[in-house]
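K.L.:
Each position in the sequence shown, counted from 1, maps to that position plus 18 in our numbering. For each residue, glycine too, the CB sits at the ideal point set by N, CA and C.
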Amino acid sequence: MLHLLMSPGATGTLRRLSNVVADALRSVIAPATLVHDEQPATAPDPMDTFSAEDMPTAEVIEAAAAEFDRAADQARRADRGKRAARKILDRLPAGTYGSWVVSRVASSRQTADLDEIRRIFKAHGLGPVPMKATAPSLKVKRAEAAAAPAIETAA
Numbered sequence: 019m020l021h022l023l024m025s026p027g028a029t030g031t032l033r034r035l036s037n038v039v040a041d042a043l044r045s046v047i048a049p050a051t052l053v054h055d056e057q058p059a060t061a062p063d064p065m066d067t068f069s070a071e072d073m074p075t076a077e078v079i080e081a082a083a084a085e086f087d088r089a090a091d092q093a094r095r096a097d098r099g100k101r102a103a104r105k106i107l108d109r110l111p112a113g114t115y116g117s118w119v120v121s122r123v124a125s126s127r128q129t130a131d132l133d134e135i136r137r138i139f140k141a142h143g144l145g146p147v148p149m150k151a152t153a154p155s156l157k158v159k160r161a162e163a164a165a166a167p168a169i170e171t172a173a
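(1) Any contact between the stretch 130-140 and the stretch 63-74? By contact I mean 3 or more CB pairs, one from each, below 8 angstroms.
(2) Quick one, are the C-beta atoms of VAL120 and LEU110 less than 7 angstroms apart?
(3) Does the stretch 141-153 come close enough to the stretch 73-85 that 3 or more CB-CB pairs lie under 8 angstroms?
(4) Between the alpha carbons of THR114 and GLN128, how many angstroms are there, rounded?
(5) Please specify which runs of the alpha helix (DSSP H), each continuous and at least 4 residues long, are wholly inside the stretch 66-130, giving them in chain order.
(6) When DSSP labels each residue in this structure, what does ARG160 get in the three-state scheme?
(7) What did DSSP end up calling SER36 once you bin it into helix, strand or coil?
(8) Using a C-beta cutoff of 7 angstroms, does PRO62 count as contacting chain D?
(9) Taking 7 angstroms as the threshold (C-beta atoms), are VAL147 and PHE86 in contact?
(10) Looking only at its chain, what residues have a beta carbon closer than 8 angstroms to the beta carbon of LEU156, apart from the 5 residues adjacent to it on each side?
(11) Out of ASN37, PHE68, GLU80, which one is the CA nearest neighbour of ALA161?
(12) Reducing DSSP to helix, strand and coil, say where ALA172 ends up.
(13) Starting from LYS140, trace the alpha helix (DSSP H) both ways and give me its first and last residue.
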């Protein structure tokens, strides 16, 4: 334990430890204070939304939403299957296994090295690295039957 207090990241370690202890105490004394019931921030609609004249019918919208939900569910199931298979395949050396060839190739994709960028910004006194938000995610879920708002379409 003493080596944790002497390390360069000791303040972060102590802060995390104190947060864990504080959360443990709160869970005994006032468990309701640990529940965060925040709604996710909503993003504005894109610029190219349908105009009133171009709005598709409610049936077309419902079919598109159902297809999106079905495809998203299939994608989640496929991702879980890939993760399960990778647990085995990632540990295999390159080679042929039955009718399958396992190999590794270098990726052509690159990402910015944020640690190096932060170091350069700090060395030159440029302040924090400027960041921008990612594109908003499209969420589709089935509405409750009683609480479903009516879809208004141009007649």
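P.N.:
If we stick to the structure as given:
(1) no
(2) Working through the sequence shown from its first residue, we reach residue 120 at position 102. Working through the sequence shown from its first residue, we reach residue 110 at position 92. The answer is yes: Cβ separation under 7 angstroms.
(3) no
(4) For the purposes of this step, residue 114 is taken as the residue at position 96 of the sequence shown. For the purposes of this step, residue 128 is taken as the residue at position 110 of the sequence shown. Straight-line Cα distance between these residues: approximately 29 angstroms.
(5) 76-107
(6) Against the sequence shown, residue 160 aligns to sequence position 142. Residue state, collapsed to three classes: coil.
(7) In the sequence shown, the residue the question calls residue 36 occupies position 18. Correct three-state label for SER36: helix.
(8) Going by chain labels, chain D is absent from the structure shown, which holds only one protein chain.
(9) Taking the sequence shown and counting its residues from 1, one reaches residue 86 at position 68. Taking the sequence shown and counting its residues from 1, one reaches residue 147 at position 129. Cβ atoms of PHE86 and VAL147: not closer than 7 angstroms.
(10) Working through the sequence shown from its first residue, we reach residue 156 at position 138. The residues are PHE86.
(11) Counting from 1 along the sequence shown, the entry for residue 161 is found at position 143. If we check each option's Cα against that of ALA161, GLU80 comes out closest.
(12) Counting from one through the sequence shown, the residue named residue 172 turns up at place 154. Here ALA172 scores only 48 on pLDDT, less than 50, and its place in the model should not be relied on; the value that follows carries that caveat. Three-state result, ALA172: coil.
(13) Counted from its first residue, the sequence shown places residue 140 at position 122. Where LYS140 is concerned, the enclosing alpha helix (DSSP H) stretches over 132-141.
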